[in-house]
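Quick mapping for you: the protein sequence lines, in order, are chains A and B. In my numbering, each residue's number is its place in the first sequence (first place is 1) plus 43. In my numbering, each residue's number is its place in the second sequence (first place is 1) plus 43. For glycine and all other residues, C-beta sits at the position ideal for the given N, C-alpha and C.
2 protein chains.
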Amino acid sequence: MADLVIADVTVNKKASVYFDGKCISHGVTFPDGTKKSVGVILPASLTFNTGAPEIMEIVDGACKVRLKGTEEWVAYAAGSEFKVPGDSSFDIEVSETVHYVCHFG
Amino acid sequence: MADLVIADVTVNKKASVYFDGKCISHGVTFPDGTKKSVGVILPASLTFNTGAPEIMEIVDGACKVRLKGTEEWVAYAAGSEFKVPGDSSFDIEVSETVHYVCHFG
Chain A
44 MADLVIADVT VNKKASVYFD GKCISHGVTF PDGTKKSVGV ILPASLTFNT GAPEIMEIVD
104 GACKVRLKGT EEWVAYAAGS EFKVPGDSSF DIEVSETVHY VCHFG
Chain B
44 MADLVIADVT VNKKASVYFD GKCISHGVTF PDGTKKSVGV ILPASLTFNT GAPEIMEIVD
104 GACKVRLKGT EEWVAYAAGS EFKVPGDSSF DIEVSETVHY VCHFG
């Protein structure tokens with residue numbers, strides 16, 4: 044089972060709020076400068092754009108994801124993850140509130 | 044100006060989701076075991092109950108607050124804070140999405 048916490052980080056007091064609050068994330072920074080974010084996506088159908096490549100670690104909840112350029116919707120639940128290329132996008136359908144950690148790069 | 048980050052903490056990957064997502068908070072733990080939370084309250088009128096006494100540090104946004112047992116609504120904005128006794132409650136009207144740090148005890 045994956046860790047339920049991220050240790051030894053600095054957390055931003057101010058969150059990023061996307062899609063009228065359907066997605067809220069707090070940035071965290073590791074001692075080596077690595078940045079990740081912890082966040083929540085409420086039940087909704089949304090499209091996220093990526094700058095850097097991302098690994099989305101699903102901590103809780105359930106969703107289906109379709110990466111840009113693909114036809115297939117793939118289901119993800121707690122304990123799974125998916126990778127998104129940089130300068131791309133993905134569609135997500137959240138059926139149960141998703142708690143995630145976004146790893147960049 | 045208050046710090047924009049909280050350093051040297053462990054952050055919970057899973058958030059607490061209140062009021063159908065109108066309030067989302069992530070718990071953080073300091074090396075000495077002290078717990079706080081960082082969160083967001085979207086525009087809404089809500090009532091929060093307290094267990095332990097709390098200090099609500101408003102990092103961003105705007106709201107009015109009425110503590111249990113009082114008649115007066117008091118406005119708070121970025122950089123301000125208010126104290127709530129334990130085993131009590133407060134009404135909050137959020138006009139601009141509030142980003143907060145909740146300090147317990």
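Query: For Glu-100 of chain A, decide whether its Cβ has a neighbour in chain B, counting only Cβ atoms nearer than 9 angstroms.; Result: yes
Query: Give me the chain A residues within the contact set of Ala-105 of chain B, using Cβ-Cβ distance strictly less than 9 angstroms, ordered along the chain.; Result: None at all; the shortest Cβ gap to chain A is about 14 angstroms.
Query: Mapping the DSSP letters down to three states, classify Gly-64 of chain B as helix, strand or coil.; Result: helix
Query: Beta-carbon separation of Asn-55 of chain B and Gly-70 of chain B under 9 angstroms?; Result: yes
Query: Taking the alpha-carbon positions, what's the Phe-73 of chain A to Val-52 of chain A distance?; Result: 5 angstroms
Query: How should Ser-80 of chain B be labelled, buried or exposed, when 16 other C-beta atoms within 10 angstroms of its C-beta is the threshold for buried?; Result: buried
Query: If you drop the 5 nearest sequence neighbours on each side, which residues of the same chain put their C-beta closer than 8 angstroms to that of Ala-95 of chain B?; Result: Gly-129, Phe-147 and Gly-148
Query: For the candidate residues B:Val-60, B:Ala-118 and B:Ile-49, whose alpha-carbon lies nearest to that of Gly-134 of chain B?; Result: In the sequence under discussion, the amino acid at residue 134 of chain B is Asp, which differs from the Gly named in the question. Answer by Cα proximity: B:Ala-118.
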